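Just remember that the working numbering sits 69 ahead of the position in the sequence shown, which is counted from 1.
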Amino acid sequence: MKKITAELQKGHILVSDGAWGTYLQQKGLKPGECPEEWNISRPNDVLDIAQSYITAGADLIETNSFGGSRFKLEKYGFGDKVYEFNKAAAEISREAAGPKHFVLGSVGPTGKLLMMEEVTENELYDAFKEQSMALEAGGVDAIMIETMTDLDEARIAVKAAKENTNCEVFCTMTFQKIIGGEFRTMMGISPSEMAETIVQAGADLIGTNCGNGMADMVGMVKEIRSVNSSVPVLVHANAGMPCFVDGKTTFPESPEDMATRVSGIIAAGANIVGGCCGTTPEHIREIRDAVKAL
Ligand SMILES: [Zn+2]
Numbered sequence: 070m071k072k073i074t075a076e077l078q079k080g081h082i083l084v085s086d087g088a089w090g091t092y093l094q095q096k097g098l099k100p101g102e103c104p105e106e107w108n109i110s111r112p113n114d115v116l117d118i119a120q121s122y123i124t125a126g127a128d129l130i131e132t133n134s135f136g137g138s139r140f141k142l143e144k145y146g147f148g149d150k151v152y153e154f155n156k157a158a159a160e161i162s163r164e165a166a167g168p169k170h171f172v173l174g175s176v177g178p179t180g181k182l183l184m185m186e187e188v189t190e191n192e193l194y195d196a197f198k199e200q201s202m203a204l205e206a207g208g209v210d211a212i213m214i215e216t217m218t219d220l221d222e223a224r225i226a227v228k229a230a231k232e233n234t235n236c237e238v239f240c241t242m243t244f245q246k247i248i249g250g251e252f253r254t255m256m257g258i259s260p261s262e263m264a265e266t267i268v269q270a271g272a273d274l275i276g277t278n279c280g281n282g283m284a285d286m287v288g289m290v291k292e293i294r295s296v297n298s299s300v301p302v303l304v305h306a307n308a309g310m311p312c313f314v315d316g317k318t319t320f321p322e323s324p325e326d327m328a329t330r331v332s333g334i335i336a337a338g339a340n341i342v343g344g345c346c347g348t349t350p351e352h353i354r355e356i357r358d359a360v361k362a363l
């Protein structure tokens, strides 16, 4: 079922949700606490986040499962809870989304480095397979592999989700601007390298999330479009670059600031626009209005 990409093929621009991590912290998630455990212990708080993005006008919302791989959950002693936590995450967002909106099952990096031989390709594959299948069991429409920096890990995640679920499979990586103005992930991967490898691995949609505000995302989308004019592209931008004020991380871009950049990101070739760290339902509401106005 290619429900989301079918919508995009009709020429529609879709809006997705904003931050989850910073929102959970605002609701009381403490440093060192497992966010995914809240799907069981505080489902109403998680549901409230999901609902607030639907109310703000998001067409797609994510799930509280970014760190839901067995490698991440093991750190909290929850290595045997992958199925339970991820299925619950999907069910909560599905409840908020209803049948008319889409749910993207969030899958983040495992934190294990292939190049340091901390993990094998097969172990990574099995972990992504396990998490993706649990998200599908909870009712997600797509698997959203995100914030990736290692191309091999991203490729294995896409393959595992593709081969073991009937969901659409999306994948975004996190880039930074380096000296000379080019974009690279922490592991040295460019947006065009990502586009080639990840589309070949079977992804239905690719893109970029986190690490940057909307302004720098424009350059990344243009680079993806220079090597692939047809694959759908998603952008989840931060509310600007994080700054430290009075010992706290803050994000400088207001909802209005972000909204003014929406036409530029769509002109560059993005098909889905939403937020990452520091964005709130207010940011999504403004982005929604800016998309409508186009
Ligand atoms: Zn982020």
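Note that CB positions come from ideal geometry on N, CA and C, so glycine has one too. Bear in mind the structure is a predicted one, so any value in this text is a computation, not a measurement.
Within the present structure, is the beta-carbon of residue i separated from the nearest heavy atom of ligand 1 by less than 7 angstroms?
| i | result |
| --- | --- |
| C279 | yes |
| C345 | yes |
| N133 | no |
| N307 | yes |
Buried or exposed for residue i, please, with buried defined as at least 16 other CB atoms from any protein chain shown within 10 angstroms of its CB.
| i | result |
| --- | --- |
| P168 | exposed |
| Q78 | exposed |
| Q200 | buried |
| I248 | exposed |
| M217 | buried |
| M289 | buried |
| K317 | exposed |
| C240 | buried |
From the DSSP secondary-structure annotation, give me the bridge partner or partners of residue i.
| i | result |
| --- | --- |
| K79 | DSSP output for K79 lists no bridge partner at all. |
| N133 | In DSSP, N133 forms no bridge with anything. |
| I275 | C240 and V302 |
| V360 | Answer is none; V360 lacks a bridge partner. |
| R253 | Q245 |
To the nearest angstrom, report how far apart residue i and residue j are at their CA atoms.
| i | j | result |
| --- | --- | --- |
| C345 | A88 | 5 angstroms |
| E105 | K141 | 10 angstroms |
| M213 | T132 | 9 angstroms |
| A162 | N297 | At residue 162 the sequence reads Ser, which differs from the Ala that was named. Using only the alpha carbons, I get a separation of about 31 angstroms. |
| P301 | A230 | 18 angstroms |
| K291 | K181 | 30 angstroms |
| P321 | N281 | 11 angstroms |
| T329 | K246 | 21 angstroms |
| H352 | M283 | 12 angstroms |
| E143 | C103 | 10 angstroms |
| P112 | A203 | 17 angstroms |
| Y92 | A308 | 13 angstroms |
| L83 | A125 | 13 angstroms |
Suppose only complete runs of 3+ residues qualify. What are the beta strand (DSSP E) ranges in the region 209-245, listed by chain order?
211-217 and 237-242
Taking the runs of the alpha helix (DSSP H) that are 4 residues or longer, which of them lie wholly in the region 138-218?
139-143, 151-166 and 190-206
Going residue by residue through the region 89-134, where are the continuous alpha helix (DSSP H) segments of at least 4 residues, counting only ones entirely within it?
Runs of the alpha helix (DSSP H) inside the region 89-134: 90-95, 107-110 and 112-125.
Length at least 3, wholly inside the region 276-346: the beta strand (DSSP E) runs in chain order:
302-306, 312-314, 317-319 and 341-344
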